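So for the first sequence, this note's numbering puts the first residue at 261; every next one is plus one.
Backbone N, C-alpha and C fix where the C-beta goes; we use that ideal spot for every residue, glycine too.
Note that the coordinates shown come from a computational prediction; the quantities given were computed from them, not determined experimentally.
Taking it in order: structure first as structure tokens, then the write-up.
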Amino acid sequence: MPELPEVETIRCQLARKLPGEKIERVFANCPSLVFRGYPRKGMLAEEITGKKIVSVERRGKYLLLGLDRGLTLALHLGMSGTMLFRDKNAPRDRHCHLELFLKNFKLSFRDPRMFGRVALFKGQEFSLLPGLARLGPEPLSREFNPKWLAAKFQGRKAPVKSLLMDQRIAAGIGNIYSDEACFLARISPLRKAGRLKPEEISRLDAAIKKVLRESIAAIGCTFRDYRTSEGTLGGYQPRVYGREGRRCKRCPGTVVRKVIANRSSFFCPKCQR
DNA sequence: AGAAGAACCTGGTAGC
DNA sequence: TGCTACCAGGTTCTTC
261 MPELPEVETI RCQLARKLPG EKIERVFANC PSLVFRGYPR KGMLAEEITG KKIVSVERRG
321 KYLLLGLDRG LTLALHLGMS GTMLFRDKNA PRDRHCHLEL FLKNFKLSFR DPRMFGRVAL
381 FKGQEFSLLP GLARLGPEPL SREFNPKWLA AKFQGRKAPV KSLLMDQRIA AGIGNIYSDE
441 ACFLARISPL RKAGRLKPEE ISRLDAAIKK VLRESIAAIG CTFRDYRTSE GTLGGYQPRV
501 YGREGRRCKR CPGTVVRKVI ANRSSFFCPK CQR
């Protein structure tokens, strides 16, 4: 369940090592992970072999490896994906679907649950890919502010939590950080988004930015499958996520779990209104 | 158009 | 011990 802070952590680690590296050899297995039609013609492996990596960017939960000749290799880690630096001779297990062999090491994309995706684009083509194309603003950018949220929430009857997880509204927020942000803002994730007062929207905006910045500083949140590219764990400790039945960290209430938008959600009914 | 829910996938675990 | 059932969740698709 890598969300924005986890993907950003991985991006930073990749950005330190990859630019300038040439892809000497590629192992690619698992066509179901490749977005249909990308690459349009030919095989992923042959298209990227011999190319040089020039940049490592992130957009929402997508990693974008810029290659020479205007190619972009987009990677989505899904729920259980990891990008690991490994020794070139390290064995490959059955969950490893893509390996880029570089000069002195290899980069392994492992994804046991196969929710991850890989796609190769030329130029601005990636703006065609649904999901990537319709991503909303980065929550840590200026574009993302109370005014934007208010516009997106206006008239909407869906729970705040659903809209926070909508990638068209906030790129990169998932199940964990939507709960964390609601907790910090003292807003129930069940509230109809369109009913939030301006002051509450401002609180939510500030809370989103705060939890994301905190988690990035802590190199992400460790939950089950997540590992950084160096193989280490994240240090972000959730305030409310996963704490069902335990004492609220802010008041005498007890954290409850409730399914919202088909996802486990955690909140304190006493101090989140 | 918006809201709700299912499907995709497999490792881990609870329960028997 | 070994089996079954279920859960986790990001995205896309379907239904209402």
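Tell me the residue span of the beta strand (DSSP E) that contains residue i.
i           : result
residue 327 : 322–327
residue 368 : 366–370
residue 342 : 342–346
residue 332 : 331–336
residue 360 : 356–361
residue 380 : 377–382
residue 520 : 516–520
residue 315 : 313–319
May I ask which residues mark the beginning and end of the alpha helix (DSSP H) holding residue i?
i           : result
residue 534 : Outside the shown range of the chain, which is 261 to 533, sits residue 534, and nothing can be said about it.
residue 500 : Careful: residue 500 lies outside any alpha helix (DSSP H) and carries neither H nor E.
residue 270 : 264–277
residue 441 : 435–445
Compute the beta-carbon to beta-carbon distance between residue i and residue j, rounded to the nearest angstrom, for a pair I have assumed lies under 8 Å.
i           : j           : result
residue 363 : residue 520 : Contact flag wrong, Cβ pair sits at about 47 Å.
residue 378 : residue 335 : 6 Å
residue 406 : residue 461 : 5 Å
residue 359 : residue 287 : 4 Å
residue 468 : residue 411 : The pair is not a contact, with the Cβ atoms about 16 Å apart (cut-off 8 Å).
residue 533 : residue 448 : 6 Å
Can you give me the Cβ contacts of residue i inside the same chain, cut-off strictly under 7 Å, excluding the 5 residues immediately before and after it?
i           : result
residue 471 : 437, 440, 441, 444
residue 314 : 279, 326, 327, 328
Using 10 angstroms around the beta-carbon of residue i, count the other beta-carbons present and answer buried if the total reaches 16, otherwise exposed.
i           : result
residue 341 : buried
residue 393 : exposed
residue 280 : exposed
residue 525 : buried
residue 457 : exposed
residue 511 : exposed
residue 419 : buried
residue 497 : exposed
residue 366 : buried
residue 354 : exposed
residue 301 : exposed
Using CA atoms only, rank isn't needed, just tell me which of the options is closest to residue i.
i           : options            : result
residue 343 : 278, 523, 454      : 278
residue 427 : 456, 286, 503, 397 : 397
residue 491 : 462, 423, 433, 347 : 347
residue 320 : 263, 371, 357, 349 : 263
residue 299 : 382, 285, 286, 352 : 382
residue 323 : 500, 516, 271, 359 : 271
residue 307 : 318, 317, 333, 316 : 333
Please indicate yes or no: does the CB of residue i lie closer than 7 Å to some heavy atom of the ligand ZN?
i           : result
residue 270 : The ligand ZN is not among the ligands present in this structure, which contains no ligands whatsoever.
Within its chain, find whatever has a CB closer than 8 Å to the CB of residue i; leave out the 5 residues flanking it on each side and keep chain order.
i           : result
residue 416 : 423, 452, 453, 454
residue 528 : 443, 500, 508, 510, 511, 513, 514, 515, 516
Among residues of its own chain, excluding the 5 on either side of residue i, which ones have a beta-carbon nearer than 6 Å to its beta-carbon?
i           : result
residue 404 : 397
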